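Residue numbers (the working numbering): 15 to 297.
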């Protein structure tokens, strides 16, 4: 599933490819992926602002309308020079073919597994109340004290806590594993057991890793592409994610792979000491 760095990469690439371009019509091929007033989505106009919170994007139109997009596991938003449809193209925004309007083409929401979707609202405020008010602070903006306060009430593993979008928005399996490794924190450590100093270290590394991932245009371990259809490169920088059974880049110990919070997890048994009285079954 695309996480904060991937969604931010899509937002940044859409700014140069779709922002301000005239939309002459919208084709909805699979209405089931749209929640809200479909007639609002079918209108033309111009997208004048692209927003992001956590893993979600939002388009604000020149008339105030707002569409929230969640890419789910396999979703993408790409801009094509041709409007020709492809399999799993669910919604297509057709651009004006005039030279001053960018020369045609289309923006396409595609989602083979259909875990994502589009939510249509009258305005941005309505969207924020309905969609983003339920989320925690953005992972690039959350303070260590805020996160520490939230974790103090949670007995679950820190890995599971980081994946909870109501605690902080934007972290998924990839960047939880990477940030915990960089912070020398074992994923099964109960969230409430972390000291403020440990959380400060975790937040610092999480921000650094995510910003670096954005600079490398995200991780494309599976299907992720940006709005130009290009894959990211940060998967080549992963230290632990999807490297179970391989050697640790720091100490050369074999990396453990196990399940934590219902997700496949990788950690170094030497660099990330297992909490006392905790057993671990590798998979």
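Beta carbons are placed, not taken as given, at the ideal position from N, Cα and C, and that holds for glycine.
Quantities reported herein were computed from a predicted structural model and do not represent experimental measurements.
Rounded straight-line distance, which links the Cα of residue 33 to that of residue 162: Here residue 162 refers to the residue found at position 148 when the chain shown is read from its first residue. Here residue 33 refers to the residue found at position 19 when the chain shown is read from its first residue. Pairing residue 162 with residue 33, the inter-Cα distance amounts to about 38 Å.
Closest residue to residue 143 among 38, 200, 80 (Cα-Cα distance): Within the chain shown, numbered from 1, the residue matching residue 143 stands at position 129. That would be 80, whose Cα lies nearest to the Cα of residue 143.
Beta-carbon proximity check, residue 94 vs residue 119, cutoff 8 Å: By 1-based counting over the chain shown, the position of residue 94 is 80. By 1-based counting over the chain shown, the position of residue 119 is 105. In this structure, the beta-carbon distance from residue 94 to residue 119 falls below 8 Å.
Assigned secondary structure, residue 204 (DSSP; H/G/I helix, E/B strand, else coil): Against the chain shown, residue 204 aligns to sequence position 190. Correct three-state label for residue 204: strand.
4-residue-minimum alpha helix (DSSP H) runs that sit fully inside the region 124–199, ordered along the chain: 138–141, 158–165, 172–176, 187–196, all fully within the region 124–199.
DSSP state of residue 63 mapped onto helix, strand, coil: As a position in the chain shown, residue 63 is number 49, starting the count at 1. DSSP places residue 63 in strand when its eight states are reduced to three.
One or two residues paired with residue 217 in a DSSP bridge: The residue you call residue 217 lines up with position 203 of the chain shown. As far as DSSP is concerned, residue 217 takes part in no beta bridge.
CB-CB length for residue 85 against residue 40, believed under 8 Å: Within the chain shown, numbered from 1, the residue matching residue 85 stands at position 71. Within the chain shown, numbered from 1, the residue matching residue 40 stands at position 26. Separation of the CB atoms of residue 85 and residue 40 is rounded to 18 Å, and the pair is thereby denied contact status at 8 Å.
Inter-residue spacing [alpha-carbon to alpha-carbon] between residue 71 and residue 130: The residue labelled residue 71 in the question sits at position 57 within the chain shown. The residue labelled residue 130 in the question sits at position 116 within the chain shown. Their backbone Cα atoms lie some 11 Å apart in a straight line.
Of the residues 52, 104, 18, the one placed nearest residue 125, counting alpha carbons only: As a first step, residue 125 must be located in the chain shown, where it is residue number 111. For the residues 52, 104, 18, the minimum Cα distance to residue 125 belongs to 104.
Simplified DSSP assignment, three categories, for residue 297: The residue labelled residue 297 in the question sits at position 283 within the chain shown. Legend: pLDDT at residue 297 = 46, less than 50; position of this residue unreliable, no value from coordinates given.
Proximity winner among 64, 43, 206, 88, relative to residue 164 (alpha-carbon distances): Mapped onto the chain shown, residue 164 falls at position 150. Considering only alpha carbons, the answer is 206.
Backbone secondary structure at residue 121 - three-state DSSP: Taking the first residue of the chain shown as 1, we reach residue 121 at position 107. Reduced to three states, the DSSP call for residue 121 is strand.
Proximity to residue 266 [Cα-Cα], best of 281, 184, 277: Along the chain shown, one-based indexing puts residue 266 at 252. Nearest option by C-alpha distance: 281.
Sequence-distant residues of its chain with Cβ nearer than 6 Å to residue 76 (five each side left out): In the chain shown, the residue the question calls residue 76 occupies position 62. For residue 76, where only same-chain residues beyond five positions count, the Cβ hits under 6 Å are 59, 60, 62.
Three or more C-beta pairs below 8 Å linking the region 234–243 and the region 208–218: Result no; under three Cβ-Cβ pairs closer than 8 Å.
Same chain, Cβ closer than 6 Å to residue 1, neighbours up to 5 away in sequence not counted: The structure shown does not extend to residue 1, since the chain is modelled only from 15 through 297, so no value can be given for it.
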